[in-house]
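Protein chains in written order, with this note's numbering: chain R, 1034 to 1144; chain G, 71 to 185.
Step one of this worksheet: look at the structure below.
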Amino acid sequence: NAGVTQTPKFRILKIGQSMTLQCTQDMNHNYMYWYRQDPGMGLKLIYYSVGAGITDKGEVPNGYNVSRSTTEDFPLRLELAAPSQTSVYFCASSHRQPEAFFGQGTRLTVV
Amino acid sequence: DQQVKQNSPSLSVQEGRISILNCDYTNSMFDYFLWYKKYPAEGPTFLISISSIKDKNEDGRFTVFLNKSAKHLSLHIVPSQPGDSAVYFCAASDTYGGSQGNLIFGKGTKLSVKP
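Here's what the structure looks like:
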């Protein structure tokens, strides 16, 4: 079992560029989440999904979009990247709330 | 406004002694609490949890205590080992409420266990 896999691990974006952070899990979990962690801060929920075809906003959704076409995949899309989106992004999944398994993270820098 | 607070950014403990990490919360609707451990360049890993119907949960060297009246929980690690050096996040969930069971995290406490 690979668990939760995120790609890429690192990325540098220029202001205004777009990108998709990939997340896939092989545990057949219904729940999936995207968090961001800024330096010295806790994790904040961006978007979450309770199953394929269903997504909802978390605490900090502005500037992001998600989709959930399959149980396994939950990509996070950044449109028009801004320096405020410089952060470490974590994808997570869970079979039942609230315990969640996290991926290793994507470190994103917007310059 | 922070709903989950970890007021100590760091803690240093000698190997073999007890580590006590503290967490306070403000939302009385939280009914489930978790501790996650995070090493550098890795994702958080689930450590231990406690439901609001309990006041203590133990798993090996790790014990979590919950004081609902004080809205306070603590994680005890006994004995502490150098491999326990990591950032520990407290998280809370309002299972049946508006957050739909999603986790609210504190800012974390960096534990250093010295040999």
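Glycine included, every Cβ here is placed at the ideal spot set by N, Cα and C.
Every value quoted in this text rests on a predicted model; they were computed, and no experiment measured them.
For residue 126 of chain G, the enclosing beta strand (DSSP E) has its first and last residue at 126 to 129. Counting only the Cα atoms, residue 100 of chain G lies some 12 Å from residue 1131 of chain R. Per the DSSP secondary-structure output, residue 1098 of chain R pairs in a beta bridge with R:1110. Neighbourhood of residue 1137 of chain R in chain G, by CB distance below 7 Å: 112 and 113, in chain order.
Residues of chain G with a Cβ closer than 9 Å to the Cβ of residue 1078 of chain R are, in chain order, 169, 172, 173, 174 and 175. For residue 178 of chain G, the nearest beta carbon of chain R is closer than 8 Å to its own beta carbon. Collapsing the DSSP output to three states places residue 153 of chain G in a helix. For the C-beta of residue 1081 of chain R, the chain G residues within less than 7 Å are, from N- to C-terminus, 172. For residue 1074 of chain R, the nearest beta carbon of chain G is closer than 8 Å to its own beta carbon. Against residue 1107 of chain R, chain G offers no close residue; the least beta-carbon distance is about 14 Å (beta-carbon pairs closer than 9 Å). DSSP places residue 1083 of chain R inside the beta strand (DSSP E), whose first and last residues are 1076 to 1084. Listed by position along chain R, the residues whose Cβ is nearer than 7 Å to that of residue 102 of chain G are 1131. By the 16-neighbour rule on beta-carbons within 10 angstroms, residue 71 of chain G is exposed. Listed along the chain, the chain R residues whose CB falls inside 9 Å of the CB of residue 122 of chain G amount to none; the nearest CB is some 12 Å away.
The Cβ atoms of residue 147 of chain G and residue 159 of chain G lie no closer than 8 Å to each other. Judged by DSSP secondary structure, residue 137 of chain G falls within the beta strand (DSSP E) whose first and last residues are 132 to 137.
The segment 86 to 94 of chain G makes no contact with the segment 1066 to 1085 of chain R: fewer than 3 CB pairs, one atom from each, lie closer than 8 Å. Looking from the CA of residue 113 of chain G, the closest CA among R:1124, R:1144, R:1129 and R:1128 belongs to R:1124. By the rule that beta-carbons nearer than 8 Å mark a contact, residue 119 of chain G touches chain R. Listed along chain R is no residue with a C-beta nearer than 9 Å to that of residue 135 of chain G; the closest approach is about 19 Å.
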